[in-house]
DNA sequence: CAGAATATGTCAACATGGCTGACCTAAATG
DNA sequence: CATTTAGGTCAGCCATGTTGACATATTCTG
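Protein chains in written order, with my numbering: chain A, 1204 to 1383; chain B, 1204 to 1383.
Quick look at the structure:
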């Protein structure tokens, strides 16, 4: 039944692809992005509330865990928020032992960020919830789905900054632990 | 250069697909969803700020415009927020002439929602911004991209409610104006 | 018809997480 | 030594989410 709807929708949209540059709004993807993201972030939200943490904490912990030793300035650039906003949640994560700061070796002004064991555990738990949803989705679709999704999402990122994002992901993916 | 990164990333991820059920977090899609959505909503945000409106207003106006005559309860179900939260932004949209309410004909308790001409114009303008980004992304990837993206996003939605979403989109897509 | 359920609105209070602006320290750098 | 950089902090504001308690009009049901 859901399949019938999907197929019908696909036909209709493919049809409107024919004419001119089709400056019709791409309603389906606009709305699906909303719904998909709404549900995607809802998984961690539930778990976070038991820790008195919110989405902001999740984002900070996620990127710190993925990029051990990152600078505060890097985090600000990724999250695109102000240092005051970051300061609030970062302080709570530090106070409660999820994140620690270490003085930079070369530049002693830097406060390099690291997730503690406790922080890493929470980060992995949350990533696990989101991975469950993604894995289920990909398996529903079949082979090539991961690749297709990745290409689409990458293309949706601002052209500027896209390389930066790719570098970030690739670098974090390469690290996987190794700093004192 | 970006392509090299993408390819390298693809290889690595494909490799980790081999072993067991691969309970490794799917880091790339988790992060790409964050970055893609961050940029996706940033386009309308800029335009909205000139109207003293925020994302909440955008969401309400979007769905009202797409589903003329929808009930307040429908909107609450879609947005998954409380009626108090909705009431605040809806009131502003009505006061400023972007949305009107009409008593239901069959059930006079209902306050059916419609976008005014002014409201429709704004909704279309915002959808246009998002469509630009999506269209650019799809054209970068090539044929089949729209379909692949749609399948992925649909699969990411909660299993329950997924049919509801599909029905909503298909129905709105079929309407395209026609009520008094 | 009386009572229950439904659709909607509203008041009050509070939490989260953005923002601006001002100002401070310590360290690096020219 | 002067400036820049990395980071922190205080104070206040705004947008948007939440609970809980009620109020009103209308419809449905036994």
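Don't be surprised by glycine CBs; every beta carbon is placed ideally from N, CA and C.
On a predicted model such as this, the values are computed, not experimentally measured, just so you know.
**Item:** Proximal residues to residue 1279/B (C-beta, below 8 Å), its chain only, five neighbours per side dropped
**Value:** The residue given as residue 1279/B occupies position 76 in the second chain. Closer than 8 Å at the Cβ level, and outside the excluded window around residue 1279/B, lie 1285, 1286 and 1289.
**Local conformation of residue 1314/A per DSSP, three classes** = As a first step, residue 1314/A is located in the first chain; it is residue number 111 there, counting from the start. Residue 1314/A: strand per DSSP, three-state reduction.
**Request:** Provide the residue span of the alpha helix (DSSP H) that contains residue 1295/B, from first to last.
**Result:** Within the second chain, residue 1295/B is the residue found at index 92, counting from 1. From DSSP, the alpha helix (DSSP H) with residue 1295/B extends over 1286 to 1298.
**Item:** Burial state of residue 1312/B, where buried means 16 or more other Cβ atoms lie within 10 Å
**Value:** If you number the second chain from 1, residue 1312/B lands on position 109. Taking a 10 Å sphere around the C-beta of residue 1312/B, we find fewer than 16 other C-beta atoms and assign the residue as exposed.
**Message:** Taking 8 Å as the threshold (beta carbon to beta carbon), is residue 1301/A in contact with chain B?
**Reply:** Translated into positions along the first chain, residue 1301/A becomes position 98. It does not; no Cβ of chain B falls within 8 Å.
**Asked** Who are the near neighbours of residue 1300/A in its chain, counting only those whose CB is closer than 7 Å to its CB and skipping five residues on each side?
**Response** For the purposes of this step, residue 1300/A is taken as residue 97 along the first chain, with counting starting at 1. A distance below 7 Å between beta-carbons, with the five flanking residues on each side excluded, links residue 1300/A to the following residues of its chain, in chain order: 1319 and 1321.
**Request:** Please state whether DSSP places residue 1333/A in a helix, a strand or coil.
**Result:** Looking up residue 1333/A in the first chain gives position 130. Residue 1333/A falls in the helix class under three-state DSSP.
**Prompt:** Taking C-alpha atoms, which residue in 1351/A, 1360/A and 1336/A lies nearest to residue 1226/B?
**Reply:** As a working mapping, residue 1226/B is identified with position 23 in the second chain. Comparing Cα positions, the closest option is 1336/A.
**Request:** Determine whether the Cβ of residue 1380/A lies closer than 8 Å to any Cβ atom of chain B.
**Result:** As a first step, residue 1380/A is located in the first chain; it is residue number 177 there, counting from the start. Reliability fails at residue 1380/A, whose pLDDT of 44 lies under 50, so the model's placement of it is uncertain and the value that follows must be treated cautiously. False, the Cβ-Cβ gap to chain B never drops below 8 Å.
**Asked** Touch check for the stretch 1246 to 1258 of chain A and the stretch 1351 to 1371 of chain B: three-plus C-beta pairs under 8 Å?
**Response** No, because fewer than three Cβ pairs between the stretch 1246 to 1258 of chain A and the stretch 1351 to 1371 of chain B fall closer than 8 Å, the two stretches do not touch.
**Asked** With distances taken from CA atoms, which of 1351/A, 1305/A, 1306/A and 1339/A is nearest residue 1344/B?
**Response** In the second chain, residue 1344/B corresponds to position 141, counting from 1. It is 1351/A whose Cα lies nearest to the Cα of residue 1344/B.
**Message:** Strictly below 7 Å CB to CB, what residues from chain B border residue 1238/A?
**Reply:** Here the question's residue 1238/A lines up with position 35 in the first chain. Those are 1360 and 1368, listed as they occur along chain B.
**Message:** For residue 1268/A, count the other beta carbons within 10 Å of its own beta carbon; 16 or more makes it buried, fewer makes it exposed. Which is it?
**Reply:** For the purposes of this step, residue 1268/A is taken as residue 65 along the first chain, with counting starting at 1. Answer is buried; the Cβ neighbour count reaches 16.
**Prompt:** From what residue to what residue does the beta strand (DSSP E) around residue 1363/B run?
**Reply:** Start at 1 with the first residue of the second chain, and residue 1363/B comes out as number 160. In the DSSP annotation of this structure, residue 1363/B is not part of any beta strand (DSSP E), being labelled neither H nor E.
**Request:** Tell me whether residue 1363/A is buried or exposed, calling it buried when 16 or more other Cβ atoms sit within 10 Å of its Cβ.
**Result:** As a first step, residue 1363/A must be located in the first chain, where it is residue number 160. Counting Cβ neighbours within 10 Å, residue 1363/A comes out exposed, since fewer than 16 surround it.
**Message:** Please report the straight-line C-alpha distance between residue 1235/B and residue 1332/A, rounded to a whole angstrom.
**Reply:** Counting from 1 along the second chain, the entry for residue 1235/B is found at position 32. Counting from 1 along the first chain, the entry for residue 1332/A is found at position 129. Our two residues, residue 1235/B and residue 1332/A, have alpha carbons roughly 16 Å apart in a direct line.
**Request:** Consult DSSP for residue 1328/A and reduce its assignment to one of helix, strand or coil.
**Result:** Working through the first chain from its first residue, we reach residue 1328/A at position 125. Helix at residue 1328/A.
**Request:** Starting from residue 1234/B, follow the alpha helix (DSSP H) in both directions and report where the run begins and ends.
**Result:** In the second chain, counting from the first residue as 1, residue 1234/B sits at position 31. 1230 to 1252 is the extent of the alpha helix (DSSP H) around residue 1234/B.
**Helix, strand or coil at residue 1321/B [DSSP, three-state]** = Counting from 1 along the second chain, the entry for residue 1321/B is found at position 118. In the three-state DSSP reduction, residue 1321/B falls in the helix class (H, G or I).
**Prompt:** By the 10 Å Cβ neighbour count, where 16 or more other Cβ atoms means buried, how is residue 1276/B classified, buried or exposed?
**Reply:** Your numbering for residue 1276/B matches position 73 in the second chain. Residue 1276/B should be labelled exposed.
**Message:** Using a Cβ-Cβ distance cut-off of 8 Å, determine whether residue 1283/A contacts chain B.
**Reply:** Here residue 1283/A corresponds to residue number 80 of the first chain, with the count starting at 1. With 8 Å as the cut-off, residue 1283/A counts as an interface residue toward chain B.
**Item:** Chain-ordered neighbours of residue 1317/A on chain B, where CB pairs are closer than 7 Å
**Value:** The residue given as residue 1317/A occupies position 114 in the first chain. The premise fails here: residue 1317/A is roughly 18 Å from chain B at the closest Cβ pair, so nothing lies under 7 Å.
**Item:** CB of residue 1355/A within 8 Å of CB of residue 1358/B, strictly
**Value:** Residue mapping note: residue 1355/A aligns to position 152 of the first chain, counting from 1. Residue mapping note: residue 1358/B aligns to position 155 of the second chain, counting from 1. No, they are not a contact pair.
**Message:** With a threshold of 8 Å between beta carbons, is residue 1344/B in contact with chain A?
**Reply:** As a working mapping, residue 1344/B is identified with position 141 in the second chain. With 8 Å as the cut-off, residue 1344/B counts as an interface residue toward chain A.
**Asked** Taking the alpha helix (DSSP H) that residue 1268/A falls in, what are its first and last residues?
**Response** Counted from its first residue, the first chain places residue 1268/A at position 65. Start and end: 1258 to 1269.
**Item:** chain A residues whose Cβ lies nearer than 9 Å to that of residue 1229/B
**Value:** Your numbering for residue 1229/B matches position 26 in the second chain. Contact of residue 1229/B with chain A by beta-carbon distance below 9 Å involves 1330, 1333, 1334, 1337, 1338, 1341 and 1349.
**Prompt:** Relative to the ligand MN, is the shortest distance from any of its heavy atoms to the C-beta of residue 1329/B smaller than 7 Å?
**Reply:** Among the components of this structure there are no ligands whatsoever, and the ligand MN is therefore not found.
**Message:** So residue 1372/B and residue 1231/A are supposed to be a Cβ contact under 8 Å. How far apart are they, rounded?
**Reply:** Taking the second chain and counting its residues from 1, the one referred to as residue 1372/B is at position 169. Taking the first chain and counting its residues from 1, the one referred to as residue 1231/A is at position 28. That pair is a contact at about 6 Å.
**Message:** Taking CB distances under 8 Å as the criterion, tell me whether residue 1356/B reaches chain A.
**Reply:** The count along the second chain starts at 1 and reaches residue 1356/B at position 153. Among the residues facing chain A, residue 1356/B is included, as its CB has a counterpart in that chain under 8 Å away.
**Prompt:** Taking C-alpha atoms, which residue in 1295/B, 1266/B, 1306/B and 1247/B lies nearest to residue 1323/B?
**Reply:** Indexing the second chain from 1 puts residue 1323/B at position 120. In terms of Cα proximity to residue 1323/B, the closest of 1295/B, 1266/B, 1306/B and 1247/B is 1266/B.
**chain A contacts from the stretch 1256 to 1273 of chain B (Cβ-Cβ distance under 9 Å)** = Taking 9 Å as the upper bound on Cβ-Cβ separation, chain A lies near residues 1262, 1265, 1266 and 1269 of the stretch 1256 to 1273 of chain B.
**Asked** Residues of chain B with CB under 7 Å from residue 1352/A, in chain order?
**Response** For the purposes of this step, residue 1352/A is identified with residue 149 of the first chain, where counting begins at 1. The contact set of residue 1352/A on chain B, defined by CB atoms closer than 7 Å, consists of 1232 and 1355 in chain order.
**residue 1314/B to residue 1251/B span [Cα, whole Å]** = Taking the first residue of the second chain as position 1, residue 1314/B is located at position 111. Taking the first residue of the second chain as position 1, residue 1251/B is located at position 48. Annotation: residue 1314/B to residue 1251/B spans about 26 Å, alpha carbon to alpha carbon.
**Item:** Cα-Cα separation, residue 1247/B to residue 1341/A
**Value:** Taking the first residue of the second chain as 1, we reach residue 1247/B at position 44. Taking the first residue of the first chain as 1, we reach residue 1341/A at position 138. Each residue's alpha carbon lies about 29 Å from the other.
**Asked** So, helix, strand or coil for residue 1306/A, using DSSP?
**Response** To locate residue 1306/A, count along the first chain from 1; it is residue 103. Look at residue 1306/A here: in three-state DSSP terms it is strand.
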